[in-house]
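Participant: If you're matching positions, the sequence shown starts at 4 in this note's numbering and goes up one per residue. Glycine included, each C-beta is placed from N, C-alpha and C at the ideal position. These figures come from a predicted structure and were not determined experimentally.
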Amino acid sequence: MMLKISNEIFFGEVERLIGEGKNVTITVKGNSMRPWLRDNRYKVVLTPCQSRILQKGDIALFRYNGSHILHRITKISGEDITFAGDGNINRLERATRADVVAIASKVITPRNRTIDCTSREWRAKSCIWLALPQIARRCILGIMNNRI
4 MMLKISNEIF FGEVERLIGE GKNVTITVKG NSMRPWLRDN RYKVVLTPCQ SRILQKGDIA
64 LFRYNGSHIL HRITKISGED ITFAGDGNIN RLERATRADV VAIASKVITP RNRTIDCTSR
124 EWRAKSCIWL ALPQIARRCI LGIMNNRI
């Protein structure tokens, strides 16, 4: 039997654990982070970010319009941060540093391979993806959506 709880309760507990300095592993929900993170197949390890410097390319859990979103940082300007899902071509979210709850420090694949989000490989893939023209990303996502 699967127990369902509201996102408000779930992320309240995530924030409490992160606030205690603990890492939290969650399953990715939704397709906004495709191609790198896929719905119900990948997990991310969330790490407190108080002592960590936020960087462009990091994947962060943040509060936005009463919800919690896991998206990539695309721009930092002082206290303001712009986020976008890798699979979202046109949609951006803007929040502040205070809205950031945690950083994804690891990705766990469906085959239980753990990827360090600070590794050269992961950072390179992230940089390349962000540098691709919007039309190229749209084409890649279109092909993936038709195949998978």
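So E96 is in the beta strand (DSSP E); what residue range does that whole segment cover?
Facilitator: 96-99
Participant: Go ahead and label C52 buried or exposed: buried means 16 or more other beta carbons lie within 10 angstroms of its beta carbon, across all protein chains shown.
Facilitator: buried
Participant: Do you know how far the Cα of L40 is from the Cα of R123?
Facilitator: 18 Å
Participant: What is the C-beta distance between I76 and L49, in whole angstroms, given that I count them as a contact (C-beta under 8 Å)?
Facilitator: Not really, about 14 Å apart at Cβ, beyond 8 Å.
Participant: Please go through the same chain and pick out, in chain order, the residues whose beta-carbon is closer than 6 Å to the beta-carbon of R97, but skip the five residues on each side of it.
Facilitator: T85
Participant: How would you call D61, buried or exposed, if buried means at least 16 neighbouring beta carbons within 10 angstroms?
Facilitator: buried
Participant: Going by alpha carbons, who is nearest to I21 out of S129, N68, W125, V103?
Facilitator: V103
Participant: May I ask you to report which of helix, strand or coil DSSP gives L57?
Facilitator: coil
Participant: Report the partner residues of Y45 according to the DSSP bridge assignment.
Facilitator: In the DSSP assignment, Y45 is bridged to no other residue.
Participant: Quick check on the burial criterion: 16 or more other C-beta atoms within 10 angstroms. Buried or exposed for G90?
Facilitator: buried
Participant: Would you please state the rounded distance, in angstroms, between the beta carbons of I120 and A107? I believe it to be under 8 Å.
Facilitator: In the sequence under discussion, the amino acid at residue 120 is Cys, which differs from the Ile named in the question. Going by Cβ atoms, the distance from C120 to A107 rounds to 5 Å, so yes, they are a contact pair.
Participant: Hey, could you find the ends of the beta strand (DSSP E) R75 is sitting in?
Facilitator: 70-80
Participant: Drop a sphere of 10 angstroms on the beta-carbon of I131, count the other beta-carbons inside from all chains shown, and report buried for 16 or more, exposed for fewer.
Facilitator: exposed
Participant: In angstroms with no decimal places, state the Cα-to-Cα distance between W125 and R66.
Facilitator: 24 Å
Participant: I128 lies in the alpha helix (DSSP H); which residues open and close that run?
Facilitator: At residue 128 the sequence reads Lys, which differs from the Ile that was named. First-last of the alpha helix (DSSP H) with K128: 123-134.
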